[in-house]
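Numbering that gives the first Met the number 0 numbers the first residue of the sequence shown as 0 and each following residue consecutively. Quick reminder that beta carbons are idealized off the backbone N, C-alpha and C, glycines included. Report on the structure given below.
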Amino acid sequence: MRRVLLLSLHYRPEPNFITADVAARLAGEGFAVTVVTAHPNYPLGRFYDSVNSLYPEHSEEAGVSVWRLPFLPDHSRSKVRRSAAYGSFTLAAALFAPFAEPSPDLVWVYNAPFTTGAAALWFRYARGSKVAFICPDLWPESFEAAGVSPPRPILQLMYAYSRWINRRADLLVATTRGMLRRYEADGIPRSRLRFAPLWVDGTASPPRDEETARDFRILYAGNLGPAQALDVVLEGARLLLDSGVEVKIDFYGAGSEEARLAELAKKLGLTGVTFKGRVSQDEVFRAAAGAAAQIVHLTPSPFFSMTVPSKLASCLATGRPVLAGLAGEALEIAKESGGAIVFEAGNPHDFKRAVLELSAMSEAERAAMGARGRKYFEENLRPDALLSRYVEYSKELLSGGSKSPEVSVMEKARIDSCPLCGENARSQWLRALGFDLVQCLGCGHRYSTEVLPEGDLAAVYYAEPDADIAARSLAAKRARFVEYEAMIKSDFPAPGRVLDVGCNAGELLELFREAGWSVAGVEASPGPAAYARKKLNAPIWEGSAEAAIPEGETFDLITMTHVLEHVRLPGELLARLRRALRPGGAILIEVPNADDALIGLFRGYYRPLCPGDHVSFFDDGSLRRLLVESGFSVVSMASPAHARDFVYSGALSAVDFTRSLARRVRRSGEGGGVMTQTRYRGRLRAPLRRLLDPLVEGVDFIVAPVAKAVLGETRGPVLIAFARPTR
């Protein structure tokens, strides 16, 4: 009989049924399963009343041997106490688990918190056990989302530990596809990644209680913590009350924010809001049956755009409508289910709109919506099929297998013809970190034959910037803005309206506003778009430029910096932008330069190539040709070269080259060199800038003219084109 050890901070009777379900299913399949967990304490961070918390306790549950250990519980917002809680369980599990199960064949780790994985290392290295992680959350992003983020240097160490511990696992089971993308971007080999979404405990749709259903009552059931940001619900209820609509909302559950939320409801005069406390799952299910809808909400955050809360599945399972304030993958599931009315996370006005939409529906319409949600749950989120995956993964590991039928959600997408002319014939240009970069034999344009699938970049390439990153990015944009102004000043003696495509956190728009322009932006990634919208209080449309720019919106100037190289069909994008220009308008584009002198030195290790992210590699000729064929006349073209460009790009490329010699880049297999902008900045760029900025800016007055004289007009790190429509 194969022996399995499962390590998890939480276990039944706490509302973490996933580990208990996995353990019971493995035991039912003939594995000898031992669980090492903590005494129950979630969600309040206090031991349950019936617990003797000073000693280990043993029990047999559903054929599983369960050991519960003492530790230092905490679920407050204190960084020190929360860290001590996680660390104390990891230490207790590491010391006790070898006695509970001395020689397991396989160790499953519910790696939330991410310190838990360290307790499995003894078995991996001393006993040769296989180790698999269940990853319900991203860490240390969970710290940030919970409002207990440590100082930045410590946070960077935590990111480094997270990547290190994840690479120690033989298998990682991610619970969302966004997490899979993040792990691949972190260099985890595709052969070690699997996908199994979270499921919920109850599977039987509860009967409708007609007595309680006569009330229009909305229900929230779950943790009352900072991540849920339930102020939005209360503030939305106040807005409804101000407009003459009193809504009744019942909160079931507990958490660190419970007392504060109750006080806020009282302060806002919400007499229809009640807090029921922590109750059983069955009681919540019965209450949900009589509710008009259930609420699921998470604070707006790039982290939560890559996660799917199990609460969404539990809400759909009840067969009642869902009011969903979510983002990213969870938002898409809510929409796809047909059982939810979605509203913008963090926006009480949009919550008010969603409630009014719900109240305008008849009971038959609400029942039909709930039935659609239940049907989606039955077809996609039932536990039986998902638990079977854990049995398959366990057998696969113990048999020595390593390949998965679901190899990757970031498998390379093929590009078989030139993005500019459509010609198929090409020759090799460079081989960069597993990607073939080629040159078209028809027009000479250089491009990649393999890139990330469309839609993945928004999920993995950007995260919402913190103040430090935003400030440094603004400083870098300010230096470039001087060059932009010099190129456009003769055509725009007075400010007009500008659109920045791929505006990120709005740094360039902030500079245009300072110069007197009216600003708007388009950004594909939810985190930066929300950041820019809040900072600038300006129209920031989310999505691709082709789809997101409202018809009828026009601009005097459109800027697009380091966007065009990512686009599969750049001609179509330029055609859409041309339609959005007012008479006399113009477009300003910046792209990396494929004729950059440093490419000749570093070849495929040159960091600005960004293999896997960039589709096209423009030089002066190909960019001019694209603009002309897209209906533009090039007014001017520049390729500035500054000390900062050479120093930072060269330093990062040298690091990549050195790592390749140490065979570290190749650990993740083909394409493993893809690096997200978050990692690029967080790991190396910010420390480099703090060290080198003063020196670099001090010598730029010498470097810039010398570089221009030596390299000429077209061999700097970037190309900047200023063009007007010809028709």
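Simplified DSSP assignment, three categories, for residue 428: Along the sequence shown, read from residue 1 onward, the residue named residue 428 stands at position 429. If DSSP states are grouped into helix, strand and coil, residue 428 belongs with the strands.
Which residues in the same chain have their Cβ closer than 6 Å to the Cβ of residue 40, if we skip the five residues on either side of it in sequence? Position 41 of the sequence shown, counted from the start, is the residue given in the question as residue 40. If the five residues before and after residue 40 are omitted, its C-beta is found closer than 6 Å to the C-beta atoms of 46, 72, all from its own chain and listed in chain order.
Same chain, Cβ closer than 8 Å to residue 335, neighbours up to 5 away in sequence not counted: For the purposes of this step, residue 335 is identified with residue 336 of the sequence shown, where counting begins at 1. Counting only Cβ-Cβ distances below 8 Å, and skipping sequence neighbours, we find 375.
Three-way DSSP call (helix, strand, coil) for residue 163 in this model: Taking the first residue of the sequence shown as 1, we reach residue 163 at position 164. The answer is helix: DSSP assigns residue 163 an H, G or I state.
Cβ distance (whole Å) where residue 722 is taken to contact residue 633 below 8 Å: The residue given as residue 722 occupies position 723 in the sequence shown. The residue given as residue 633 occupies position 634 in the sequence shown. That belief holds up - the Cβ atoms of residue 722 and residue 633 are roughly 5 Å apart, short of 8 Å.
Relative to the alpha-carbon of residue 56, which residue among 17, 83, 99 has its alpha-carbon at the smallest distance? Counting from 1 along the sequence shown, the entry for residue 56 is found at position 57. Ranking 17, 83, 99 by Cα distance to residue 56 puts 99 first.
In terms of residues, what are the limits of the alpha helix (DSSP H) holding residue 280? If you number the sequence shown from 1, residue 280 lands on position 281. That run of the alpha helix (DSSP H) goes 280–288.
Alpha-carbon to alpha-carbon, residue 189 and residue 183: Here residue 183 refers to the residue found at position 184 when the sequence shown is read from its first residue. Here residue 189 refers to the residue found at position 190 when the sequence shown is read from its first residue. The straight-line gap separating the alpha-carbon atoms of residue 183 and residue 189 is approximately 7 Å.
With DSSP as the reference, label residue 314 as helix, strand or coil. Locating residue 314 in the sequence shown gives position 315, counting from the first residue. Reduced to three states, the DSSP call for residue 314 is helix.
May I ask which residues mark the beginning and end of the beta strand (DSSP E) holding residue 129? As a working note, residue 129 is residue 130 in the sequence shown. Per DSSP, residue 129 belongs to the beta strand (DSSP E) from 129–134.
So, with DSSP's three-state summary, where would you put residue 448? The residue labelled residue 448 in the question sits at position 449 within the sequence shown. It is coil, neither helix nor strand.
Below 8 Å on the Cβ atoms is my contact criterion, and I expect residue 229 with residue 256 to pass it. Report the Cβ-Cβ distance as a whole number of Å. Here residue 229 refers to the residue found at position 230 of the sequence shown. Here residue 256 refers to the residue found at position 257 of the sequence shown. The Cβ separation is near 7 Å, so the contact holds.
Residue range of the alpha helix (DSSP H) that residue 527 falls in? The residue given as residue 527 occupies position 528 in the sequence shown. Following the DSSP letters along the chain, one finds residue 527 inside the alpha helix (DSSP H) bounded by residues 525–535.
Looking at the unbroken alpha helix (DSSP H) that takes in residue 569, where does it start and where does it end? Within the sequence shown, the letter at position 570 stands for residue 569. That run of the alpha helix (DSSP H) goes 569–578.
With C-beta atoms as the reference, is residue 250 less than 9 Å away from residue 260? The residue you call residue 250 lines up with position 251 of the sequence shown. The residue you call residue 260 lines up with position 261 of the sequence shown. Taking 9 Å as the Cβ cut-off, residue 250 and residue 260 qualify as a contacting pair.
Have a look at residue 135 and residue 253 and give me their C-alpha separation to the nearest angstrom. Walking along the sequence shown from the start, residue 135 turns up at place 136. Walking along the sequence shown from the start, residue 253 turns up at place 254. Taking the straight line from one Cα to the other gives about 21 Å.
Considering only the beta carbon of each residue, do residue 160 and residue 8 sit closer than 9 Å? What you label residue 160 is simply residue 161 of the sequence shown in a count that begins at 1. What you label residue 8 is simply residue 9 of the sequence shown in a count that begins at 1. Cβ atoms of residue 160 and residue 8: not closer than 9 Å.
Quick check: residue 24 and residue 389, are their CB atoms within less than 9 Å of each other? To locate residue 24, count along the sequence shown from 1; it is residue 25. To locate residue 389, count along the sequence shown from 1; it is residue 390. Their beta carbons are under 9 Å apart, which means residue 24 touches residue 389 by this criterion.
Let me make sure I understand the geometry here. Which of 396, 482, 196 has the alpha-carbon closest to that of residue 383? Numbered from 1 along the sequence shown, position 384 holds the residue referred to as residue 383. Selected option, being the one with the closest Cα: 196.
Out of 65, 562, 498, 566, point me to the one whose CA is closest to residue 718's CA. Counted from its first residue, the sequence shown places residue 718 at position 719. The shortest Cα separation from residue 718 among 65, 562, 498, 566 belongs to 562.
Rounded separation between residue 218 and residue 309 - CA only: Numbered from its first residue, the sequence shown carries residue 218 at position 219. Numbered from its first residue, the sequence shown carries residue 309 at position 310. C-alpha separation (whole angstroms): 16 Å.
When you compare only the Cα positions, how much space is there between residue 287 and residue 386? Within the sequence shown, the letter at position 288 stands for residue 287. Within the sequence shown, the letter at position 387 stands for residue 386. The straight-line gap from Cα to Cα measures roughly 26 Å.
For the candidate residues 496, 87, 552, 121, whose alpha-carbon lies nearest to that of residue 515? Locating residue 515 in the sequence shown gives position 516, counting from the first residue. Taking only the C-alpha atoms, the option nearest residue 515 is 496.
Residue 324 - containing beta strand (DSSP E), residue span: One-based indexing of the sequence shown puts residue 324 at position 325. Element bounds for residue 324: 321–324.
C-alpha gap between residue 180 and residue 120, whole angstroms: Residue mapping note: residue 180 aligns to position 181 of the sequence shown, counting from 1. Residue mapping note: residue 120 aligns to position 121 of the sequence shown, counting from 1. One C-alpha to the other measures close to 25 Å.
Assuming residue 584 and residue 555 form a contact by the criterion Cβ under 8 Å, report the distance between their Cβ atoms to the nearest whole angstrom. Locating residue 584 in the sequence shown gives position 585, counting from the first residue. Locating residue 555 in the sequence shown gives position 556, counting from the first residue. Between residue 555 and residue 584 the Cβ distance is about 5 Å, and since that is below 8 Å, they are a contact.
Tell me the DSSP bridge mates of residue 413? On the sequence shown, residue 413 is found 414 positions in, with the first residue counted as 1. Bridge partners of residue 413: 449.
CA-to-CA distance, residue 542 to residue 511, given in whole angstroms: In the sequence shown, residue 511 corresponds to position 512, counting from 1. In the sequence shown, residue 542 corresponds to position 543, counting from 1. Near 22 Å, if we compare the C-alpha coordinates of residue 542 and residue 511.
Check whether chain B comes within 9 Å of residue 573, counting only Cβ atoms and requiring the distance to be less than that. No chain B appears in the structure shown, which is made up of a single protein chain.
Which term fits residue 165, buried or exposed, when burial requires 16 or more other beta carbons within 10 angstroms of its beta carbon? Position 166 of the sequence shown, counted from the start, is the residue given in the question as residue 165. Looking at its Cβ environment, which holds 16 or more other Cβ atoms inside 10 Å, residue 165 is buried.
Cβ contact (3+ pairs, closer than 8 Å) linking the region 278–294 and the region 317–325: yes
Quick one: is residue 582 buried, meaning 16 or more other Cβ sit within 10 Å of its Cβ, or exposed? Here residue 582 refers to the residue found at position 583 when the sequence shown is read from its first residue. Here residue 582 is exposed, its C-beta having fewer than 16 other C-beta atoms within 10 Å.
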